[in-house]
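Residue numbers (our numbering), protein chains in the order written: chain W, 1 to 495; chain F, 1 to 1211.
Virtual Cβ for every residue (Gly too), placed ideally from N, Cα, C.
On a predicted model such as this, the values are computed, not experimentally measured, just so you know.
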């Protein structure tokens, strides 16, 4: 056993309202500069939809992540030899069209236009060429089912469904959508790190945050290819790749990452998990449908004395162990089992987990008159989204994983209705609880964490122990005296 | 296999500093976003190197009671994008003046030493005037200086006062609550001048008229945390996940606490995602759904089950037990007027007996007069205005009969057939109603209860004879579940199930069912009826005035919490009263000449009425004229001459004092020697002349009929092709063959961004952004007050609104020394006001101008008041909190209290100003005004709260000060708000109770403490007892069909062809803007489609060969829009969206259909259409209040054609 600490997250999709506040919090702070305009370290996608970059989930096209080769795990884009061959030409890279051509407007023309015979307007202008352009794509182009018969219909998860299920999803009585916010998953078995020819990408020992060394990066862009989530980006102005840094400077100051802090749907939870680094490879080698479970098994119990002893031995600080016991992520993923990894079949062991959304009941159309299913609450059987679609997203196709989560979410609602209104029969409440295999107390704990918690309970940033980190390189007292002096310098460009 | 790099390579990891440096900042300042958005979120603005870098939400709101989710974080994608504006090329950095006007002004100044003469030399030369008017909106701005533009504006102001009258000066700024001092600065300036402030809430069509109709309240709603208390939430016309972003989490969280969420929406909206049931009701047909729900509830829960909680609630808190007389008309009985105490021998001598209403008391078997009705409110003896069910004469306890049905058995009650209008089928149903005959002073009168009428109206037969439906499947009989299917497209089984779930949840929880409602319903022509249909379901189930219950209307609503001291400052009431407050829908309808494009014949088909008679007949402009003459609505300019000129003429004619000036004026009007300006709005002397716009986008996002604004107000280019059709129809208004174009002499816009209004104005003044000034913010979405603060000083040459108006006041004062050196007397016409005894002015409708009654100011016609303006001291008055506040006290909603001691304290403890030997509390700085407001408001000062409740106790006669006891020591300063948002205290100016962290829910004060609603009966009204409502057939909740496109006059000259398709054009509030703000922000444009697209269903798009992201041309008679299409199956066929509200300045090409001129914005496609019965007034809750009552600017009943743009877009 080799316990390590990982700052991990849960996004509660039932609570997500698709507002994109998170995206802008991140944009304002990190990627609002030349060469980074098109980067959205945090983005939010409408599902069904093709996302950003377009159809990123389709690894037939992009060849990201890992695949099993017998008992071996290898990058889908190829081994080291193959990698080097692609350095100068990599056909699997997303192009600017797959992202979008960043644009702005000739805003100044409104004030500065000379007197004329018609009203001036601020034309769209390319941020790449500086010339007027037609806007044909954006980082959130299919928002709220925009262009549904082009984008939603070509969602790789939809394309996989049976024809009748596909047709269902676009009939108005079965229409549905939900949102999928995405950041870097700070994977345990990160494709980007493995793919980097320069060894510039690393996982921080103290918290597992995956970073690209801005001095070491040579801009080969293999990380862009290798990441199946397309969460590393090439900075065309600096010649370096960049990615979500999980706001480590904010976390080092004890604050939530900007996108977590700003999440107005209150869907985001953060906390440290202990996992067994020795079992990463074996976990990543399990069958598609077992990967979600395998990942749960990797996560270690922070109350278990053996785990604690091994962790101490591995150098995990005591304060971090304490934080692990307060981690909401541990509860969602391990204790309650209601949060699942996104596309575990990419085998990177992503450390961001999602609670799947509840969605409205189905209806039937009878010559223009619609009839809703008569259940009081939405149900597993009558929900608008095929369970297979969700299983394809969160469980490597294993529908049972998703069903188990839904039974639990429903049990919470039923028990709370019983407590707050009292119009349900005791037996029905007990049945829901049994089906979900949850105790009354656990249900109350899930309810509380879902609905009532303040930011201090949702976001439990472990102490980052900067004194010790600094000490590894210099005397913290000297650091204190000298910090901030000297010029800020961007990393050197490679050419 | 492990990628972990421990801290072992410090050199390797030194690069992490790159990101640390970016994150570090120098200070964090609490501020927020100050206009239109009711989010009211507290933000931390991060400043680095003296530059605003970014913002993140504050998370330190004080918690509410345990068991409620907290308010954090609040703040959405739009707010977090605000910092983009500060340094962007869209920022207005300097004062700008259009080149044409600049040249004229500089030439005029060269030849005239006096600026006022210089201005006269420009505007009195038609070709000069026309030259700069036609240049409006066409570029050519020139940078100016503050000195130059201030002088020009002051000159135009003085010129207008002298030449035409102060009421030709107009100011518009949207809902004040979000930056209340920025609003107040401009309003105070306007009111000290004698100018006109335009309303906003009704103009935006956000005022739900049903709220005044039912509750006598502008709007009062729950804070969003109270949604969590609700166990059944129905959302309609409100897309909270999209438009109430910071509040939406309460909805998502409520369902994890076992609440059922049902969303009624024609499209699969963002909020539908949170629904258990998404009911895709057809657009604008929610009313039909609720009428049928009420049918089921009344039948099952009131008739069959007689649910005790519901019946008790109706008896105590609604007008359901009050008696209505039945009047015979054309051979059948119809529901008539409310029976008053004046008609009963026993009570007729009581004070205000004609305004005290009666119930049938089961104990005595007599009609009796309970406390709390209108007459008790305004009688000499105080303390009897409460909801105790006690007789107002002898104090006996009453047991009112909800229904007279039981009396049938013992023979005292007859069943008579009463006629009920069915507007859906265009027929009249005759239904049996239990009736008693009352011996009145004018004979034997058949009466019944409101409850019995409601049962009949909704078609619940109760085994009575008549045209009652057999069962729920009676498709032709309103309002059965089967009947509604053809309108809503919703299966009858769902209606029945919904009604049962709704009512049984309410029964089990004592009223915890709520409706969240907004623009999607309120912007329809018959919105008041749709609202009443939903409100009926709430009232029937005892859900109003309960935590977790009630009607939660969220659109454009404002809750300016410290309203009492603020309104004193804003209206300059500390110096003179009354103010000139205009209802904007009427103003723009008349002045922008939109009435000229209507026909009586079409309007009457849009608004079917119960009976055509003098009340309901005629063109809408004629209704408008009547409403002004009768004192129901204000109108400015008021007369065909200057109001100060009128005083001079009166004096010349011998009037010695104000009373004689008024008498002279009345006589002039009666003799038709003086006319109301509204009777001839196109005559040049009646035009508004100068328009100040601040904090808003009056020429685009709120300008319904935008193209008519361009044509008739601005005199510049326009894309309307609509024919004028009113000439044959109008009777009360003068018709000019040629409509004026370019009524306005000067348009001044205060702005931080170059939006459409700025682009079309003559002068643009650079304002401080919301991160560059001090101000106050409150909302009804939560219960805190918090500040805007200057994180950095105003950038470039910008100044805060307060400073701008202060400087303009100073310039006006300087010019006044020459031009208006003496105080000026000015006669102000004001309508009959809600919350005053004028609620008893006109129990019946009589028109003095037709000789039906005497013209009596404040009774049968507008009130007339002579006031004195002091232009030389305008600036001094602006910066001083005047003695009028000390003398008259402050208050709101008909309640007031003295502040003499506070005023004197302020003079000792706060900054003061001195002039002409007087000393006054200072309003020189916005922060001074903020501290003054916080010190005088019951919501922020516990002692004042206690005092206000003490005043309320005297009126009501019940104990209330205990509500303020625990918080009596609370005081709040601006500095306190910097540290943390503060929770508002319970105050009698509002109807919710917030003690001990309880969530605010409207009308809890009324229900729990028996304080009456401010209505005729003091209770909630099912029945609207007004002659005009009876004539319109809206006295009971009813259904009126959605107007047919053929009568709407959107497409008279615009022809369709096979390349185009006609759709119902909707402009719901969107995801990427708050009105037009943020919609031009690069962040929002990047995350959406880079434009404000046209949403269309995929099948509709296919019919005209349009694919996603194609350019389309959207058009009708009013104007044209060119944008890109979003094709989505999320929308049903037959409707189209352009989310409110684009700018026509961002990426808008030209229109081939309109001669290749620049295409317009969303408001280019509509025209204001006013509903006449909302102009009624002079009685009970139907008396005027600014932003409280009046017709609204409805815009949803609009049809457009759309086709693919031909060729490439041209720029």
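With fewer than 16 other beta carbons inside 10 angstroms of its own, residue 474/W counts as exposed. Straight-line measurement puts the Cα of residue 64/F at about 50 Å from the Cα of residue 134/W.
Apart from the 5 residues on each side of it in sequence, residue 51/W sits with its Cβ closer than 6 Å to the Cβ of 45 in its chain, given in chain order.
A distance below 6 Å between beta-carbons, with the five flanking residues on each side excluded, links residue 693/F to the following residues of its chain, in chain order: 172, 749 and 757. Annotation note: the segment 194-237 of chain W contains the following uninterrupted alpha helix (DSSP H) runs of length 4 or greater, listed N- to C-terminal: 222-226. DSSP places residue 128/F inside the alpha helix (DSSP H), whose first and last residues are 126-134. Under the Cβ criterion (8 Å, minimum of three pairs), the segment 318-338 of chain W does not count as touching the segment 168-180 of chain W. By the Cβ test, the segment 986-1000 of chain F is not in contact with the segment 968-977 of chain F, since fewer than three Cβ pairs between them sit closer than 8 Å. Sequence-distant partners of residue 977/F (beyond 5 residues in either direction) whose C-beta falls short of 6 Å from its own C-beta, in its chain, are 786 and 787. Rounded to whole angstroms, residue 11/F and residue 214/W show a C-alpha spacing of 13 Å.
Not one beta carbon of chain F lies nearer than 8 Å to the beta carbon of residue 50/W. Taking residue 284/F as the centre and dropping the five residues before and after it, the same chain places the C-beta of 524, 1042 and 1196 closer than 7 Å to its C-beta, in chain order.
In the three-state reduction of the DSSP assignment, residue 566/F falls in the helix class, which pools H, G and I.
Between residue 40/F and residue 178/F, the C-beta spacing is below 8 Å. Not one beta carbon of chain W lies nearer than 8 Å to the beta carbon of residue 38/F. Between the segment 196-209 of chain F and the segment 1172-1190 of chain F there are three or more C-beta pairs closer than 8 Å, enough to call the two in contact. In this structure the segment 112-119 of chain F lies against the segment 147-166 of chain F, because at least three pairs of beta carbons, one per stretch, are closer than 8 Å.
Residue 626/F sits away from residue 676/F, with the two beta carbons spaced by 8 Å or more.
Note on the segment 893-926 of chain F: whole beta strand (DSSP E) runs with a minimum of 3 residues are 895-897, 912-915 and 918-921, in chain order. Uninterrupted beta strand (DSSP E) stretches at least 3 residues long and entirely within the segment 168-220 of chain F occur at 169-172 and 196-198, given in chain order. About 12 Å separates the beta carbon of residue 834/F from that of residue 213/F, a gap too long to meet the 8 Å contact definition. Collapsing the DSSP output to three states places residue 734/F in coil. When Cβ-Cβ separations below 8 Å define contact, residue 225/F makes no contact with chain W. Contact check between the segment 509-518 of chain F and the segment 1023-1032 of chain F: fewer than three CB pairs, one atom from each, fall below 8 Å, which does not count as touching. Contact between residue 156/W and residue 288/W does not hold, since their C-beta atoms are separated by about 15 Å, which reaches or exceeds 8 Å. Taking 8 Å as the threshold, the shortest C-beta distance from residue 1129/F to chain W falls below it.
Taking 8 Å as the CB threshold, residue 135/F lines the interface with chain W. The Cβ of residue 158/W sits no closer than 8 Å to any Cβ of chain F. Residue state for residue 674/F is assigned as coil, using DSSP reduced to three classes. Its chain contains 279 as the residues whose beta carbon lies nearer than 7 Å to that of residue 494/F, once the 5 sequence neighbours on both sides are disregarded; these appear in chain order.
Residues of chain W with a Cβ closer than 7 Å to the Cβ of residue 1079/F do not exist, since the nearest Cβ in that chain sits about 12 Å away. By the neighbour-count criterion, in which a residue is buried when 16 or more other Cβ atoms sit within 10 angstroms of its Cβ, residue 821/F is exposed.
Positions of the alpha helix (DSSP H) runs, each at least 4 residues long and wholly inside the segment 265-307 of chain W, are given as 280-284 and 291-298 in order along the chain. Rounded to the nearest whole angstrom, the CA to CA distance from residue 1028/F to residue 826/F is 33 Å.
Using a C-beta cut-off of 8 Å, the segment 578-596 of chain F makes contact with the segment 701-714 of chain F, since at least three inter-stretch Cβ pairs fall below that distance. According to the DSSP assignment, residue 819/F belongs to the alpha helix (DSSP H) that extends over 801-819.
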